[in-house]
Every structure is written in structure tokens, then in C-alpha cells.
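With numbering that gives the first Met the number 0 applied, the sequence shown covers 0 to 424.
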Amino acid sequence: MDTRSMALEAKKASILMQGVSTELKNSALERIAGTLLERKDEILEANKQDMERSAAEDLAAPLLKRLKFDEKKLNDVVEGIHSLIGLDDPVGKTLLARELDEGLRLYRVSCPIGVIGIIFESRPDALVQISTLCLKSGNAVLLKGGREATLTNRILTQAISEASMETGMPDNWINLLESREEVNEMLALDEYVDLIIPRGSNEFVRYIMDNSRIPVLGHADGICHVYIDRDIDVKRAVDIVADSKTQYVAVCNALETLLIHKDSAEKVLPALKEALDTKSVEIRGCERTRRIIPCKKVSEEDWKTEYLDLVLSIKIVDSLDEAIEHINTYGSGHTDSIVSRDEESVKRFLEYVDSGNVFANCSTRFSDGFRYGFGAEVGISTNKIHARGPVGLDGLVTYKYKLIGDGHIVADYASNKRRFFHRDL
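Written out as C-alpha cells, the structure reads:
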């Protein structure tokens, strides 16, 4: 099936999905979870082949780590599906109820967006998370994963599609694109596709925005910061930085740049280096940092880099405001955290850092739809409209207005025969 035909069939499926009950959605999700476990050997073998081919092609180590889909990750996505089943259906919620006049009632009701095109990186687990979120929110989806995961994505899509249709979901609600040419064709199909969610670099997201009339919900680089203030507990600061950087490096909410107040630098940096050395983290520091601990020299380019690796840039700053300015200049609007015992510093940081996720005294790794209780996520949006931060179920619905009357006509109001009284119900 060519891309246009695929998008057309997805559009037809999306219309049918608007009326699918919560019970049917949850039944489909339960069947998908079971099918993934039943087809475990097929899935893991496909991923093994993808891994071997990609390693032979010298795929970068961080990308290989993302590509790996082992039994633990399979169990994790199945657990995520079960969590998703337990969440409220975001469709059909009454957001506003108002009687405009006697017998003329207005309702704002949540509804699916329609057809969503999602372009994501070499993470097969992302395919499962994204597709099941789209199912629960009543959307059809066109998926394009990284070329490295072709075989894994193919078997996962097949398993999800077949399992969901066994329970009565519409045909063609889930579709897999496998080439860049198909992506470019999709970008031109604004009559069928309602939203594009690209996950990747800022340059990639900008390319998608510049080459499509379809609205784009951007998931860009994760250039995340931790700022250590002057009033801190050293052990707490070291633990938060170490977790943010090393708990899992190949993800968009991992720490890339540490900013540290000059009054805390000599207390924190030696202990931090000792902790990071045990994890083989390469430190790149400013001149003041290098006078306190041995490390490589940082460059201007480092402040703009998402490493996704065991590398950390460090800058000593003179003030909280300098830290905020640095974050707003070089950050990607993803996730940034302050470590401080000073309530005023925390308040100022939370208010003035212009990111979708702004934390105090905790790891950047918490910016995640599953950890927020959203049932995983399709991405972390750095946009400021529609959805921001982890985009879960609520970010995958829009709303429509339903007006119920009893023979009402505008002419009666234009002639003052009748008047609105706008009473909330």
C-alpha cells in the first residue's frame, strides 16, 4: 500500500475510532499485552538481527543501547500497557456545560485528534508506548521508526495490529512507514494527517516544520541542566547529579550540563568527581572548574550538545540569575533542575527557567510520562501550545463543541425577541 492509500485508510479508521468504547479499547490493550508476550521469541530474534546488522554498520554506542529490546524491556512495555488500561479514557469528557438560553445547551467535549504521524528514534519500546497511547486516546497512527530497528518495528506493528483487530478495533488504525521517501510523502498529506510528532534533534524538528503544512508538536533535543545553588547539602547534590547523568545516559532527560554556584564549587566538585569517576563519566569543565578538579576543557559547542553518553559539561557561575540565563540561552526547553535549601532561590528558578519541566531538589530523570502517571508518553514537547512536557493521553485529544437546541434560530436574538443568559450547568 502506498503512503497516500495508507493515510486514507488511517483517516477512515480514525473516524470509526471516535465511537469506540472504553471497554473495547481496554480489551484491545489487554490482548496486545498478551500477544507481545506470546510472540516474545519472534520479537527478540528480530531485534537480535537488527542489533547485529547495526553493530556491523558501526552504529554509535548510545544508539545501539537504545536499539536493544530485550526481555526486560518487553516486560516493561507490557507493564506499561497494563498501567494504561487503568487510566481514565481521555475521550468524551465534558470540559464545559453551559445553557445559553432556555433549551439551548452548549457542551465542550474532548475527542481524538484523528490521524497522527509520529517519527521516532531507534527505540522499539517507543513504538509500543506510542501506538498503545494512540489506541487509548482514539487516534489512528502512522509510525516511522529508525532504520536500525526495521525488523523489530515490523514484527511489533504486526503483533499490535492483529491483536487489536481480534477484539474488534478498526482495520488500519496502526501503520508503519519504512523509508524517508514515505515520510516526505506523509508530510504532504495534510488532508488526511492531523498532527505530526517528530522526535529528534532541533534541526530535524525544524526540517519537519518547514516542509509540511500539517501542525507539528515538537519533541527536540534534551539539553538538560542541574544548577547547584550556594545553600546545599553536598551529599544530596552529588546524588541528584549522579542520578541525572548516569542512571540511564541514552535518553532525552539525562543531564548534559551542570551549573554550580561559585560558593559551592570547592565543596561539591571533588566529591562529585569521585562519584562520577566510578561511572567512567568524562568531565569537561570551564577554567574555574579545572582549577578545582582535573578535567578536559569545555568548548562553546559543548553547551549546545546533547551527548546521550557518559560526558558532562560543568560551568561555575556567579549567581542564580547567571545560571538561569545560561539555561534559557543554551537549553532546549526540556528539563532543568535546581538543588537548593533556599526557598527564594527555588521559587525564582521554577518561575524564570523557560522549560517544559522545571524541578527542585530532584533528578532530571523524573520527566517522563510513566513517572508522572500519564501511562508513558509519545514524546516530551518543547512547544508552548496544545501540549507541553510529557505528552500522554491528555495531549493526544482535542475538543469539539456540541450545541443542542430546540428549534432555536439566530434571527430571534438579532431582533431581541430572545436573549442569552449564559448559565453554567
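Glycine included, every Cβ here is placed at the ideal spot set by N, Cα and C.
On the three-pair Cβ rule with 8 Å, is the segment 196-203 touching the segment 14-22?
The segment 196-203 is not in contact with the segment 14-22.
Taking the alpha-carbon of Val248 as reference, which of Ser211, Ala45, Asp308 and Thr288 has the nearest alpha-carbon?
For the purposes of this step, residue 248 is identified with residue 249 of the sequence shown, where counting begins at 1. Closest by alpha carbon: Asp308.
Nearest CA to the CA of Ile313: which residue from Lys272, Arg97 and Lys10?
Stepping through the sequence shown from its first residue, residue 313 is reached at position 314. It is Lys272.
Tell me whether Tyr106 sits in a helix, a strand or coil according to DSSP, three-state version.
Within the sequence shown, residue 106 is the residue found at index 107, counting from 1. Note: Tyr106 maps to strand in three-state DSSP.
Please classify Ile282: does DSSP put it in a helix, a strand, or coil?
As a position in the sequence shown, residue 282 is number 283, starting the count at 1. The three-state secondary structure of Ile282, taken from DSSP, is strand.
Using 8 Å as the threshold, is the segment 160-178 in touch with the segment 69-79, meaning 3 or more CB pairs across them?
With a cut-off of 8 Å on Cβ pairs, the segment 160-178 is not in contact with the segment 69-79, counting fewer than three such pairs.
At which residue ranges does the segment 242-302 contain complete alpha helix (DSSP H) runs of 4 or more residues, listed in the order of the chain?
For the segment 242-302, whole alpha helix (DSSP H) runs of length 4 or above, ordered along the chain, are 261-276 and 286-289.
Using 8 Å as the cut-off, can you tell me whether the segment 361-378 makes contact with the segment 92-112, which would need three or more C-beta pairs spanning the two stretches below that distance?
Counting Cβ pairs under 8 Å, fewer than three are found: no touch.
State yes or no: is the C-beta of Ile326 within less than 8 Å of the C-beta of Asp228?
If you number the sequence shown from 1, residue 326 lands on position 327. If you number the sequence shown from 1, residue 228 lands on position 229. Pairing Ile326 with Asp228 gives a Cβ-Cβ distance that is not under 8 Å.
What number of angstroms, rounded off, separates the C-alpha of Tyr206 from the C-alpha of Val90?
Stepping through the sequence shown from its first residue, residue 206 is reached at position 207. Stepping through the sequence shown from its first residue, residue 90 is reached at position 91. Straight-line Cα distance between these residues: approximately 31 Å.
Would you check if the distance between the CB atom of Leu186 and the CB atom of Ser211 is smaller than 8 Å?
Stepping through the sequence shown from its first residue, residue 186 is reached at position 187. Stepping through the sequence shown from its first residue, residue 211 is reached at position 212. Between Leu186 and Ser211, the C-beta gap is smaller than 8 Å, which places the two residues in contact.
Kindly identify the DSSP beta-bridge partner or partners of Pro389.
In the sequence shown, residue 389 corresponds to position 390, counting from 1. Its beta-bridge partners are Ile379.
Would you mind reading off the limits of the beta strand (DSSP E) that contains Leu139?
Counted from its first residue, the sequence shown places residue 139 at position 140. Looking at the sequence provided, one finds Ala at residue 139 rather than Leu. Counting along the chain, the beta strand (DSSP E) containing Ala139 begins and ends at Ala139 to Lys143.
Cβ-based neighbour list, Glu376, same chain, cut-off 6 Å, excluding 5 preceding and 5 following
Start at 1 with the first residue of the sequence shown, and residue 376 comes out as number 377. So the list reads Gly368, Pro389, Val390 and Gly391, once near-sequence residues are dropped.
Taking all protein chains shown into account, decide if Met50 is buried (16 or more other Cβ within 10 angstroms of its Cβ) or exposed.
Position 51 of the sequence shown holds residue 50. With a threshold of 16 other beta carbon atoms within 10 Å, Met50 meets it and is buried.
C-alpha gap between Leu319 and Leu257, whole angstroms:
Walking along the sequence shown from the start, residue 319 turns up at place 320. Walking along the sequence shown from the start, residue 257 turns up at place 258. Rounded to the nearest angstrom, the two C-alpha atoms are 13 Å apart.
Just to confirm before moving on: does the CB-CB distance between Ile173 and Ser130 stay below 8 Å?
Translated into the one-based positions of the sequence shown, residue 173 becomes position 174. Translated into the one-based positions of the sequence shown, residue 130 becomes position 131. For Ile173 and Ser130, yes; Cβs fall inside 8 Å.
Compare the beta carbon distance of His385 and Leu216 with 8 Å and say whether it is the shorter of the two.
The residue you call residue 385 lines up with position 386 of the sequence shown. The residue you call residue 216 lines up with position 217 of the sequence shown. A contact, by the Cβ cut-off of 8 Å.
Look at the alpha carbon of Ser20 and the alpha carbon of Lys401, and state the distance between them as a whole number of angstroms.
By 1-based counting over the sequence shown, the position of residue 20 is 21. By 1-based counting over the sequence shown, the position of residue 401 is 402. Approximately 19 Å, taken between the alpha carbons.
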